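Structure first, then comments.
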Amino acid sequence: MKENGGLMGWIVENATEIKAIGGSAIVILTAAYLYIAGLIKEKQRKNQELSKTPDILKVSKAKK
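Just add 315 to the spot in the sequence shown (first one is 1) and you have my numbering.
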């Protein structure tokens, strides 16, 4: 597996071997990659939302 390429780099490197197994293997691996990437993005987004706590001082100054 390539250091920088990750799973997609590995798929590209081994495309001929994967094609011998069947074209559906590429579809399944790509779908799995996109699904996992989506889960990671969703988790990062939720963590970012949790870290955004309103600053009480700024809110009270804005109301004045």
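We put the beta carbon where it would ideally sit given N, CA and C, even for glycine. Since the structure is predicted, the reported quantities are computational estimates derived from the model, not experimental observations.
Note down the Cα distance separating M323 from E364, rounded to an integer number of angstroms.
Stepping through the sequence shown from its first residue, residue 323 is reached at position 8. Stepping through the sequence shown from its first residue, residue 364 is reached at position 49. Separation of M323 and E364 (C-alpha to C-alpha, rounded to the nearest whole angstrom) is 29 Å.
Alpha-carbon spacing of Y350 relative to S366, whole angstroms
Here residue 350 refers to the residue found at position 35 when the sequence shown is read from its first residue. Here residue 366 refers to the residue found at position 51 when the sequence shown is read from its first residue. Each residue's Cα considered, the two are about 24 Å apart.
C-beta atoms of I326 and I343 nearer than 8 Å:
As a position in the sequence shown, residue 326 is number 11, starting the count at 1. As a position in the sequence shown, residue 343 is number 28, starting the count at 1. It is not a contact, given that the beta carbons lie outside the stated cut-off.
Have a look at K358 and Y348 and give me their C-alpha separation to the nearest angstrom.
Counting from 1 along the sequence shown, the entry for residue 358 is found at position 43. Counting from 1 along the sequence shown, the entry for residue 348 is found at position 33. Answer to the nearest angstrom: the Cα atoms are 15 Å apart.
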